[in-house]
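Protein sequences appear in the order of chains A and L.
Every letter in the first sequence is one number past the one before it in this note's numbering, and letter 346, counting from 1, is 346.
Every letter in the second sequence is one number past the one before it in this note's numbering, and letter 195, counting from 1, is 195.
Ideal Cβ positions, reconstructed from N, Cα and C, are used throughout, including at glycine.
All values reported here derive from a predicted model rather than from experimental measurement.
Here is the structure we will look at, set down as structure tokens.
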Amino acid sequence: MKIFFGFIFLLRCLFSSDQIPGSNQSHPILIQGGTIHTVSEGSLEGSDLLFENGKIIAIGKNLRLSSETKIINAVGQHVFPGLISAASTIGLQEIGAVRATRDFAEVGDVNPNVRANVSYNPDSELIPVSRSNGILLALSVPRSGLISGTSSLMMLDGWTWEDATMKHPIGLHLFWPSMNVSKPHGGNKKEKKKPDTRLKSIQKIDDLIQNARAYLQLKDSKSPSFKHDLRLEGMLPAIMGEIPFFVHANEVRQIEAAVYWSERQNLKMVLVGGKDSWRVTQLLKEKEVPVIYTHVHSLPMRRYEAFDQPFITPLQLFKAGVKFCISNSESSFQTPHIRNLPYHAAKASSYGLPHNEALRSITLSTAEILGVSENVGSLEIGKDATFFISDGDILDIRTQINQAFIQGKSVDLSDRHKMLYSKYRKKYQQKGILK
Amino acid sequence: MPKHIILITFMTWFVLGQIKPPEGLRENSPGVWALDGGDIFIEPGNLKESATIIIRDGLIEKVGKNIDIPKDASIINMSGKTIYPGFIDSWVETSVNKRTLTLHDSHWNVKVQSGREMSRMYQPDKQKINSLQKLGFTTAHTVPDSGIFQGQTAVIQLDEEGTVLSSKIAQAIAYEVDGWGSKTYPNALLGVVALIRQTLIDADWYNSAIDQTESYPEFNEPLNRNGDLASLGHWIQSKKPFLFETNHELSALRSFNISNEFNLNVWLKGSGYEYRRISEIASAKPFVILPLNFPITPDISDPNQALSYTTAELKHWEMAPDNPAELIEYNIPMGFTSHGLDGKEFQNNLRRTVERSLSETDALAALTTIPAKHMGLGDRIGKIKAGYLANLTIVDGNYFKKKSELLSVWIGGKEVSIKPKYNVNPEGKWNLNIGERAYQLELKKTGKSYSGTIIQDTTKFKLSKIMVSGRFVSWMVTWDPTSSPSRFTGYLFTSTMEGTANDEQLKWSAVRSGETEKKEKKKTSETRTELSVLYPEGAYGWENPSLEEKTVLVQNATIWTCDKQGVLKGYDILFKKGKISKISKNIKPSRKAMVIDGKGKHVTPGLIDCHSHSAAFSINEGTQSVTAEVRIQDVINSDDIAIYRELAGGLTMANILHGSANTIGGQNAVIKLRWGSSPGQLLYSNAVKGIKFALGENVKQSNWGDKHTTRYPQTRMGVEQLLRDAFTSAVEYKNEWRDYQNSPKKWKKKVPPKRDLELEALVEILEGERQIHCHSYRQDEILMLTRVAEDFGFTIGTFQHILEGYKVADRLKQHGAHASTFSDWWAYKYEVIDAIPYNGALMTDVGVNVSFNSDSGELARRMNTEAAKGVKYGGLSEEEALKLVTLNPAIQLGIDQWVGSLEKGKDADFVIWSEHPMSPTAVCEQTWIDGIQYFSLEQDREFRKRDKELRENLMGKILKVGGDKKGKEWKHKEEESTKHIHCQEEF
């Protein structure tokens with residue numbers, strides 16, 4: 001046992017990042033002369049952005065400044081709102097293959113009561129690496145079974161998980177069961193057509209909703225029969241419509257089933273995944289189901305589908321008027337790589353999605369779908385000063401990020417990768433191989 | 001073989017058959033028959049109408065028209081019947097699993113059972129024999145049902161005794177893959193092929209070794225006996241057939257490769273997909289045993305369910321029934337098998353194929369003369385001729401058409417009735433008398449049940465509970481709803497029937513008066529498909545498999561040469577005869593040249609992925625820690641859609657590597673993405689031979705779960721020792737061979753060394769002919785491998801992944817190894833906790849040749865933007881960064897002389913981009929290999945349009961025919977294998 005805890009302790013040390021969280025904004029700061037990509041109001045060249053106490057207070061030219069305003073010269077630079085990853089297990093995992101560092105999957109099929117942010121490790125090495133490329137906000141999502149828990153929108157800086165939580169809960173996550181009807185195929189003589197299990201799996205979800213509603217009724221009516229049940233309690237915010245169900249579904253039959261289910265149950269729904277969403281854009285539009293599309297960097301689902309289908313799906317959603325945003329893949333394997341989020345949008349853009357829309361799909365659209373657009377997602381007066389400064393278009397891989405602020409706090413943009421890079425450059429400098 | 005010898009052999013069998021003393025009374029059934037007046041197929045295409053067959057003691061004595069019938073023969077009237085030579089089922093599996101003996105001289109691998117003889121293992125199974133007889137089969141080619149080398153097949157009579165006509169027909173080989181769950185070698189397809197190859201070599205060696213030990217016992221240790229190798233060696237030498245069981249047209253091509261390598265006589269058990277690569281299959285001239293396993297009509301009434309069918313699957317539904325005719329057109333000899341089909345499915349499918357496209361003569365030949373000839377029994381079975389076995393299939397009508405009925409089969413002169421001969425069909429109109437009163441009776445049959453009415457004047461009474469069993473009939477009729485029904489029972493004669501009603505109180509009789517009018521169900525007859533094969537079959541396939549190389553001039557483009565010339569703006573580039581012909585300004589186009597306006601466009605060399613697992617059926621033979629003998633080139637899947645998708649991202653070449661499940665993995669294959677070609681044509685032979693090695697967590701099974709803790713090694717320390725052990729044994733192996741070659745005198749009386757493909761591959765490494773591509777992460781293990789290599793005197797080719805390469809870049813440079821890494825992956829397992837995206841740039845700065853690879857069929861489609869990460873992380877110039885996915889991997893694979901940059905004389909492998917290839921909005925517009933356009937956005941649009949129509953037409957046709965609830969669908973292996981693995985993920 002001692003050895004075991006020793007091991008955990010060791011990992012804890014290893015995975016405690018060296019970056020120091022930013023302190024509260026103590027004086028107004030002006031970002032001067034850059035191109036301000038407001039997202040909501042287009043891009044303003046040679047403009048200034050002023051923020052104070054963590055909020056944007058002015059955008060434009062020749063702004064009035066108080067004497068204590070600090071000025072950051074951004075001439076030739078670009079200012080973007082912080083990018084938002086809408087699907088990850090950030091903070092809940094360190095090393096995918098090491099079980100001790102995985103905290104995103106609780107045991108059992110039904111875990112509506114578990115909350116992502118309480119086990120978010122603010123010292124995870126993945127966090128500074130992600131924010132280094134402008135990902136300043138990320139949705140941390142439990143992933144297991146049927147109902148995995150509630151997700152939290154995390155600011156990628158802070159001393160504790162409480163500091164880092166931007167908003168909780170964001171959604172109750174439901175991993176929609178497979179809607180495949182198995183078809184027999186050759187080889188095994190005795191293979192029979194398997195029974196259609198679709199209704200059964202939906203019934204399971206319906207039973208849970210019914211129980212949760214009954215539980216709510218007992219509770220509301222202060223019934224003497226009422227007894228606490230944490231799982232059912234966990235269902236209540238979604239049942240009462242305070243947060244949507246985030247339904248993870250990809251195949252067309254899953255999507256259809258989930259949309260009709262949410263309508264029948266009169267529940268708010270956000271579709272996560274949505275690989276086949278392009279096949280049902282009309283339905284999604286009509287039922288006003290927003291989509292967190294996570295499959296730009298994935299292969300077409302079927303052999304005969306177009307090679308660029310994953311790239312053009314966002315364009316198809318856009319043209320059909322479906323509310324959507326683009327996210328990195330939700331697989332836990334990809335969580336260390338969410339820094340590549342802008343390149344998902346870029347790929348959609350190269351296959352037709354307008355550049356503005358591509359940028360919006362990883363900022364403001366995401367904020368809208370996550371229910372936080374009042375505070376983040378664009379550069380507007382009154383919103384959080386959560387943004388970064390870069391030397392070019394953030395959709396372009398070659399672009400470098402110079403500075404970032406989360407709610408006005410300056411973010412330490414160093415990370416494990418940069419530190420190791422400079423450490424080993426030193427090795428070769430010592431040896432006289434590099435200058 | 002002269003005829004009398006055959007007769008003697010036959011008689012020998014006959015006598016042997018009577019060795020067992022009789023129990024009780026002897027049985028001696030009469031054996032002399034004259035089947036008179038039937039229409040007799042002497043052989044396919046030769047019909048004698050109203051002829052006679054004389055059978056004596058199991059053999060045909062005589063056959064012909066108007067022949068004298070011997071006095072001792074009993075005559076059976078066959079007029080109106082068709083008599084075929086008894087059918088041969090060319091593939092009947094007999095279960096041998098439980099009867100596998102582990103003899104002392106068995107092969108070490110339980111899947112090598114080449115010594116197994118079906119003639120000795122065969123046990124007649126009444127039920128199975130019966131079901132085959134019902135289809136008209138009298139003889140079967142019986143094969144074992146398990147193993148890789150499965151054993152020696154035999155031809156048997158389908159009689160109760162299981163008379164063996166001939167043994168040792170063919171050595172059956174199957175690509176039996178147990179899958180990842182199995183811990184015994186081999187569990188993957190590439191291991192299976194490797195085992196086949198090594199076993200064939202061993203067999204060859206074994207017999208000479210035995211001779212040597214027996215001739216010179218004083219010079220040699222006694223050799224362990226191995227019956228399986230002994231019989232296999234003999235098999236190869238005597239050019240006896242090897243029968244490969246295939247499940248895929250590409251597995252047929254693979255079988256030919258193996259056969260060519262060892263100069264084997266090749267037979268195939270077909271897959272039903274031969275039409276997809278028919279000309280390649282025809283060129284090997286195999287005898288093919290064909291199943292008639294046509295897919296059932298898929299149920300696509302639910303459009304979402306319909307999505308699960310690939311275009312190739314839908315096409316197969318339409319094209320499979322014409323597969324046999326395709327073989328005939330290409331002169332491929334074939335026999336049929338009913339294997340895998342239930343009940344009448346075989347006969348129904350055969351009738352379909354005949355209705356559509358196969359001639360009856362060819363169909364009959366495939367059931368008789370062709371298999372008989374190939375199995376060496378061409379003068380004993382398959383024809384109705386004097387001296388042949390009296391094996392006959394007797395049909396009322398034409399076997400190949402609907403409505404004919406199989407009456408009986410004769411096997412070795414004995415009749416087996418299939419349908420009771422004396423049954424009478426009661427269907428029709430009858431004049432019925434009940435007691436004294438006259439009625440009309442009408443009986444109809446629909447499916448298996450009867451309906452009927454009795455008509456009295458104009459009143460109709462419906463019959464109920466009609467039973468017809470042989471010649472017995474019974475029914476009930478209600479004359480009056482208030483009284484109980486009358487019950488009838490009776491006996492059928494040909495045109496009369498009679499019986500009693502109501503407990504024998506009442507006698508009735510009936511005389512046939514006419515036929516019932518039957519409404520013919522009009523089923524449209526099937527016709528041959530009008531579709532043709534695409535290359536590869538399915539969506540995005542080419543109509544023509546041999547694409548033409550063009551003279552192409554791209555004008556006024558930005559050209560990324562990836563050589564000393566750097567980036568040239570506003571230049572022209574000319575490609576001719578598959579090579580780069582000229583790069584300069586203002587090249588004048590020849591008349592033949594295809595001119596592409598390059599304004600605003602960028603031209604780069606074709607991108608090269610130095611670590612891929614696309615286009616392979618099988619990746620990991622992970623059962624042993626050393627599997628240097630397995631070869632990716634044995635399992636190339638040229639139909640993998642990944643090829644097309646990667647072309648669409650500007651990729652032209654890929655290094656297809658074995659997985660990282662074991663320390664010394666298998667041999668790689670460098671391919672060009674020549675979409676539509678066959679596996680062999682994808683291989684790029686200029687590449688330096690390579691092999692996959694792996695270090696760290698995967699090979700010590702760290703993340704495989706608690707059940708995997710016993711395979712050596714389990715630590716990095718053990719990995720090093722394993723490597724040293726492998727190379728030490730390779731050195732010894734090499735020395736032994738050198739000694740053998742240099743001192744023939746010394747070895748004259750000794751057993752020669754045995755070729756070992758595993759060690760041979762390691763020797764090639766020692767000699768610098770094969771380079772190692774080593775999966776690696778941590779600096780300690782990277783350093784370790786360079787030291788091991790230096791101790792054994794060779795250099796590592798590339799370190800793959802090498803995510804801590806930046807820590808020991810100086811050492812890499814000093815050793816001379818290249819590095820092929822990920823742009824920015826990290827944190828998926830413990831050994832990559834220190835991975836950084838600056839790895840590529842830092843190693844480059846120190847002077848190591850670096851490439852970025854994908855290890856993923858998805859990432860491989862956007863290597864241009866992967867290269868841009870070299871600019872972002874560590875500040876490489878854009879030119880240098882592009883080399884990470886062009887020239888540098890070419891250098892790493894030893895092919896930079898031909899590809900990797902745009903220089904005069906190099907291969908015309910290039911990509912046209914819509915704009916700067918690293919810009920976020922760049923799109924690959926065209927991809928060319930050897931001057932052939934394999935991808936363009938325009939062509940892609942045409943494919944989509946064509947494929948959409950194709951799907952719609954097929955769906956329309958399927959919906960017209962209506963879904964079929966019975967039967968099975970047949971899933972093609974290729975379509976199942978599109979799942980992609982990369983060696984980072986746990987297996």
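Check, Outcome
"Whole-angstrom distance between A:D412 and A:I406, CA atom to CA atom", "10 Å"
"Exposed unless 16 or more other CB atoms sit within 10 angstroms - verdict on L:W430", "buried"
"Inter-residue CB distance, L:I929 and L:D909 (contact presumed, cutoff 8 Å)", "5 Å"
"Coil, strand or helix - A:V372 by DSSP", "coil"
"Simplified DSSP state of A:S422, which is helix, strand or coil", "helix"
"Closer than 8 Å at the beta carbon, the chain L residues around A:S349", "P920 and T921"
"Classification of L:W996 by the beta-carbon crowding that lies within 10 angstroms, buried from 16 upward", "Nothing can be reported for residue 996 of chain L, as the shown portion of chain L is limited to 1 through 987."
"Cβ-based contacts, 8 Å cut-off: residues of the stretch 306-317 of chain A near chain C", "No chain C appears in this structure, whose protein chains are A and L."
"Element boundaries [beta strand (DSSP E), containing A:A100]", "Note, A:A100: premise wrong, no beta strand (DSSP E); not H, not E."
"Own chain, CB closer than 7 Å to A:N211, minus 5 neighbours either side, in chain order", "L232"
"Residues within the stretch 830-854 of chain L neighbouring chain A, beta-carbon criterion of under 7 Å", "Y830, I833, D834, I836, P837, Y838, L842, D845 and V846"
"Cβ-Cβ distance between L:N668 and L:I632 below 8 Å", "yes"
"Other residues of its chain near A:R425: CB distance less than 7 Å, five sequence neighbours each side excluded", "L434"
"L:V871 at chain A interface by Cβ criterion, 8 Å", "yes"
"Closer than 8 Å to chain A by CB, L:I641", "yes"
"Where the stretch 72-99 of chain A meets chain L: residues whose CB sits under 9 Å from a CB there", "Q93, E94, I95, G96, A97 and V98"
"Cβ separation of L:A642 and L:G665, assumed to be a contact under 8 Å, to the nearest whole Å", "Contact flag wrong, Cβ pair sits at about 20 Å."
"CB contact check: L:K344 to chain A, cutoff 8 Å", "no"
"Contact with chain L by A:G274, beta-carbon distance below 8 Å", "no"
"Proximity of L:I148 and L:I173 at Cβ, strictly below 8 Å", "yes"
"Extent of the continuous beta strand (DSSP E) run through L:L989", "Here chain L covers residues 1 to 987 and nothing more, so residue 989 of chain L does not appear."
"Distance, L:P917 Cα to L:V923 Cα", "8 Å"
"L:N703 in three-state terms, based on DSSP", "coil"
"Cut-off 6 Å between Cβ atoms - residues of its own chain near L:V1004, not counting five sequence neighbours on either side", "Lying before the first or after the last residue shown, residue 1004 of chain L is absent from chain L, which here runs from 1 to 987."
"Where L:T311 meets chain A, residues with beta-carbon distance less than 9 Å", "R303 and Y304"
"L:F461 to A:K204 span [Cα, whole Å]", "55 Å"
"Reduced DSSP category for L:I19 - H, G, I as helix; E, B as strand; rest coil", "coil"
"Separation of L:V595 from L:Q171, as counted between CA atoms", "56 Å"
"Residue-chain proximity (A:Q282, chain L), Cβ-Cβ < 8 Å", "no"
"Inter-residue Cα distance where the pair is L:A867 and A:S67", "46 Å"
"Nearest candidate by alpha-carbon position, reference L:I580, set L:N260, L:T551 and L:V871", "L:T551"
"Where L:Y873 falls, given that 16 or more other Cβ within 10 Å makes a residue buried", "buried"
"Paired residues, beta bridge with L:Q555 - DSSP", "L:D597"
"When A:A320, A:F245 and A:T101 are compared against A:Q265, the one with the closest alpha-carbon", "A:F245"
"Own chain partners of L:D739 with C-beta closer than 6 Å, once the 5 adjacent residues on each side are dropped", "none"
"Test: A:Q447 CB closer than 8 Å to a CB of chain L", "With chain A covering only 1 through 435, there is no way to say anything about residue 447 of chain A."
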